[in-house]
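Chemist: First residue of the sequence shown? That's 31 in the numbering used here, and the numbers climb one at a time after it.
Take a look at this one; I'll ask things after.
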Amino acid sequence: MTTFEAAKLVAGREIRVKLRDKTFLFSTVLLLFFTALGVVLPVLINGGPDKVAVVGATHVAALERAGLEVVTVPDTAAAERLVRDEEVTAAVVDGPKVLALEEEPGNVVAALSTSPPVEFLNPDALDEAARFLVPFALATLFFFTTISFGVQIAQSVTEEKQTRIVEILVASIPVRALLIGKVAAMTVLAFGQLALIAVVGLVGMRVADVGGPVIDAILPAIGWFLPFFVIGFLMLAALWAGVGALAARQEDLGSTTAPLQLLVMTPFFLVLAFQSNPAAMTVLSYVPFSAPVAMPVRLFTGEAATWEPFVSLALLLLTSALTLLAGARIYQGSLLRTNGRTSFATAWRNPTPVG
């Protein structure tokens with residue numbers, strides 16, 4: 031059996047086990063539910079446009095331009111009745127005069143008011159809410175997906191080591207095939223989950239009728255975020271397997287994975303803290319551990335040149351190759367050491383222990 035065939039066998043087994051895991055399936059469904067809810071809920075809470083009763087057709091166009099739902103009525107008495115029955119927020123009658131039950135309907139008054147025309151010099155500019163929410167969503171997705179799947183890799187490695195199953199496995203297949211299979215399986219599952227979240231989010235935005243400029247801006251950002259995510263996850267996956275192999279028991283994982291968790295958390299907070307600082311975001315978009323989030327964010331806000339994501343992705347690929355080699359060395363140097371927690375130095379000096 032070749033290394034590729036063995037790795038493929040391990041990856042297939044890992045994926046099948048996960049897809050039968052009720053906890054994994056439930057968490058995926060829950061993530062998709064909250065993604066859809068997060069997009070649609072603001073529209074549901076808002077309850078749609080306010081209804082306004084109007085006598086005649088004079089002010090209909092102005093009210094509709096303001097996003098209000100217009101109900102045409104024959105006379106003032108009918109308009110007043112609808113307002114009293116709370117079937118409409120307000121009514122516009124001859125005068126013009128606005129009828130309301132208790133509070134002044136500011137949106138109706140504003141729609142009827144005369145104001146000077148405003149010319150937008152940058153009509154495609156994104157509103158402040160989108161500028162905050164999209165970077166926050168991308169950073170959160172990368173952080174939690176990387177942490178959750180990374181910890182699962184470490185736990186799986188430690189469990190096999192603690193139960194001594196790994197000794198049977200490495201007697202049948204090469205250690206590197208076991209590592210490649212685990213990393214490949216978790217990368218596929220993480221990417222699949224993330225792609226589902228992206229699809230549900232975009233569909234939810236369409237259903238909720240989120241502004242076209244926001245969707246137009248977020249599509250290329252997501253398009254770049256997915257390859258950045260895959261390579262960024264690969265950059266860390268072998269390290270997760272390595273720190274999992276350092277532990278001899280599940281109880282040791284907290285201490286062996288702490289440095290790696292810090293390495294994932296720091297870029298997450300840096301991107302959120304400096305997302306409004308163009309100079310800092312430019313630097314972060316070329317630092318491999320923050321680039322998977324920082325560069326797609328800069329593409330979303332229109333602050334990155336066309337060539338920049340290609341350079342950043344190349345740097346990320348190079349770093350991923352180095353971390354894969356480092357993670358594999360740690361993994362091989364500690365996997366078969368079952369007499370207590372293995373130190374990083376010991377695993378690094380002896381990458382191929384015999385027992």
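Every residue gets a Cβ at the ideal spot worked out from N, C-alpha and C, and that includes glycine.
1) In this structure, does DSSP put Ala334 in helix, strand or coil?
2) Taking Cβ positions, are Ala167 and Ala96 nearer each other than 8 Å?
3) State buried or exposed for Glu99, treating a residue as buried only when at least 16 other CB atoms are found within 10 Å of its CB.
4) Count the other CB atoms, across all protein chains shown, that sit within 10 Å of the CB of Ile195; report buried if there are 16 or more and exposed otherwise.
5) Measure the beta-carbon distance from Phe259 to Pro322 and round it to whole angstroms, keeping in mind my assumption that it falls under 8 Å.
6) Here's a check: name, in chain order, each residue in its chain whose Cβ is nearer than 6 Å to the Cβ of Leu354, leaving out the five neighbours to either side.
7) Please determine whether the Cβ atom of Arg161 lies at a distance below 7 Å from any heavy atom of the ligand GTP.
8) Whole angstroms are fine: how far does the CA of Thr368 sit from the CA of Asn380?
9) Consider the Cβ of Gly272: report whether some Cβ of chain D lies at a distance smaller than 8 Å.
10) For Met235 and Glu189, I'd like the C-alpha separation in whole angstroms.
11) On the criterion of 16 or more Cβ atoms from any shown chain inside 10 Å, does Thr336 qualify as buried, or is it exposed?
12) Where do the N-terminal and C-terminal ends of the alpha helix (DSSP H) with Leu112 fall, by residue?
13) By DSSP's criteria, Glu99 is part of a beta bridge. Which residues make up the other side?
14) Starting from Leu300, follow the alpha helix (DSSP H) in both directions and report where the run begins and ends.
15) When we look at the beta-carbon of Ala309 and count the other beta-carbons within 10 Å, is it buried (16 or more) or exposed?
16) Secondary structure at Gly180, three-state DSSP: helix, strand or coil?
17) Whose C-beta lies closer than 8 Å to the C-beta of Leu346 among residues of the same chain, with five residues either side of it excluded?
18) Would you call the CB atoms of Pro104 and Ala120 closer than 8 Å?
19) In or out: Met295 buried (at least 16 other Cβ within 10 Å) or exposed?
20) Can you list the alpha helix (DSSP H) stretches of 4 or more residues lying completely in the stretch 189-225, in chain order?
21) Below 8 Å on the Cβ atoms is my guess for Ala277 versus Arg371; work out the distance and round it to an integer in Å.
22) Tell me the residue span of the alpha helix (DSSP H) that contains Leu39.
23) For Ala220, which residues of its own chain have a beta-carbon under 6 Å away from its beta-carbon, when the five flanking residues on both sides are left out?
24) I need the straight-line Cα distance from Ser285 to Ala41, nearest angstrom please.
25) Sorted by chain position, which residues of the same chain lie with C-beta nearer than 6 Å to Pro339's C-beta, five sequence neighbours on each side aside?
26) State the DSSP-derived secondary structure class of Gly385, mapped to helix, strand or coil.
27) Considering only DSSP beta bridges, list what Lys127 is partnered with.
28) Please report the straight-line C-alpha distance between Glu281 and Gln192, rounded to a whole angstrom.
29) Assuming Glu110 contacts Leu129 under a Cβ cut-off of 8 Å, what Cβ separation, rounded to an integer in Å, is found between them?
30) Quick check on the burial criterion: 16 or more other C-beta atoms within 10 angstroms. Buried or exposed for Pro297?
31) Just checking my contact of Leu365 with Val205 at CB under 8 Å: how many whole Å lie between their CB atoms?
32) Would you decide whether Ser202 is buried or exposed? Buried here means 16 or more other CB atoms lie within 10 Å of its CB.
33) Could you give the residue range of the alpha helix (DSSP H) that holds Pro387?
Modeler: Taking the structure as given:
1) The residue given as residue 334 occupies position 304 in the sequence shown. It is coil, neither helix nor strand.
2) Counting from 1 along the sequence shown, the entry for residue 167 is found at position 137. Counting from 1 along the sequence shown, the entry for residue 96 is found at position 66. No, the pair does not count as a contact, with Cβ atoms beyond the cut-off.
3) Along the sequence shown, one-based indexing puts residue 99 at 69. Flag for Glu99 reads exposed.
4) Within the sequence shown, the letter at position 165 stands for residue 195. Classification of Ile195: exposed, given that the 10 Å Cβ count is below 16.
5) As a position in the sequence shown, residue 259 is number 229, starting the count at 1. As a position in the sequence shown, residue 322 is number 292, starting the count at 1. Yes, Phe259 and Pro322 are in contact; Cβ-Cβ is about 6 Å, under 8 Å.
6) Against the sequence shown, residue 354 aligns to sequence position 324. Closer than 6 Å at the Cβ level, and outside the excluded window around Leu354, lie Ala268.
7) Ligands displayed in this structure: none; no statement on the ligand GTP is therefore possible.
8) In the sequence shown, counting from the first residue as 1, residue 380 sits at position 350. In the sequence shown, counting from the first residue as 1, residue 368 sits at position 338. Rounded to whole angstroms, Asn380 to Thr368 spans 15 Å at the Cα level.
9) Protein chain content of the structure displayed is limited to a single chain, and chain D is not contained in it.
10) Walking along the sequence shown from the start, residue 235 turns up at place 205. Walking along the sequence shown from the start, residue 189 turns up at place 159. About 41 Å.
11) In the sequence shown, counting from the first residue as 1, residue 336 sits at position 306. The residue in question, Thr336, is exposed, as its Cβ has fewer than 16 Cβ neighbours within 10 Å.
12) Numbered from its first residue, the sequence shown carries residue 112 at position 82. 106-114 is the extent of the alpha helix (DSSP H) around Leu112.
13) Taking the first residue of the sequence shown as 1, we reach residue 99 at position 69. Its beta-bridge partners are Lys81.
14) Reading the sequence shown from its first residue, position 270 is the one you call residue 300. Residues 283-304.
15) To locate residue 309, count along the sequence shown from 1; it is residue 279. It counts as exposed.
16) The count along the sequence shown starts at 1 and reaches residue 180 at position 150. In this structure, Gly180 counts as helix in the three-state DSSP scheme.
17) Within the sequence shown, residue 346 is the residue found at index 316, counting from 1. Closer than 8 Å at Cβ, skipping near neighbours: Phe258, Ile261, Gly262, Met265, Pro318, Ala321, Pro322.
18) For the purposes of this step, residue 104 is identified with residue 74 of the sequence shown, where counting begins at 1. For the purposes of this step, residue 120 is identified with residue 90 of the sequence shown, where counting begins at 1. No, they are not a contact pair.
19) One-based indexing of the sequence shown puts residue 295 at position 265. So Met295 ends up on the exposed side.
20) 195-202
21) As a working mapping, residue 277 is identified with position 247 in the sequence shown. As a working mapping, residue 371 is identified with position 341 in the sequence shown. That belief holds up - the Cβ atoms of Ala277 and Arg371 are roughly 6 Å apart, short of 8 Å.
22) If you number the sequence shown from 1, residue 39 lands on position 9. That run of the alpha helix (DSSP H) goes 33-49.
23) Position 190 of the sequence shown holds residue 220. Once the five neighbours on either side are set aside, the close Cβ partners of Ala220 are Thr175, Phe179, Phe263.
24) Residue numbering aside, residue 285 sits at position 255 when the sequence shown is read from its first letter. Residue numbering aside, residue 41 sits at position 11 when the sequence shown is read from its first letter. Distance between the alpha carbons of Ser285 and Ala41: 27 Å.
25) Within the sequence shown, residue 339 is the residue found at index 309, counting from 1. Cβ neighbours of Pro339 beyond the five flanking positions: Trp254, Met325.
26) Against the sequence shown, residue 385 aligns to sequence position 355. Note that Gly385 has pLDDT 41, beneath the 50 cutoff, so the model's placement of it is unreliable and the number below is only indicative. Coil, per DSSP.
27) Locating residue 127 in the sequence shown gives position 97, counting from the first residue. Val123.
28) Counting from one through the sequence shown, the residue named residue 281 turns up at place 251. Counting from one through the sequence shown, the residue named residue 192 turns up at place 162. Approximately 11 Å between the Cα atoms of the pair.
29) Within the sequence shown, numbered from 1, the residue matching residue 110 stands at position 80. Within the sequence shown, numbered from 1, the residue matching residue 129 stands at position 99. Indeed, because the Cβ distance is near 6 Å, the residues count as touching under 8 Å.
30) By one-based count along the sequence shown, residue 297 stands at place 267. It is buried - the Cβ of Pro297 has at least 16 other Cβ atoms within 10 Å.
31) Start at 1 with the first residue of the sequence shown, and residue 365 comes out as number 335. Start at 1 with the first residue of the sequence shown, and residue 205 comes out as number 175. At roughly 6 Å, the Cβ-Cβ gap stays under 8 Å, so Leu365 and Val205 are in contact.
32) What you label residue 202 is simply residue 172 of the sequence shown in a count that begins at 1. Burial call: exposed.
33) Summary: the structure shown does not reach residue 387, with the chain confined to residues 31 through 385, and so no result is reported for it.
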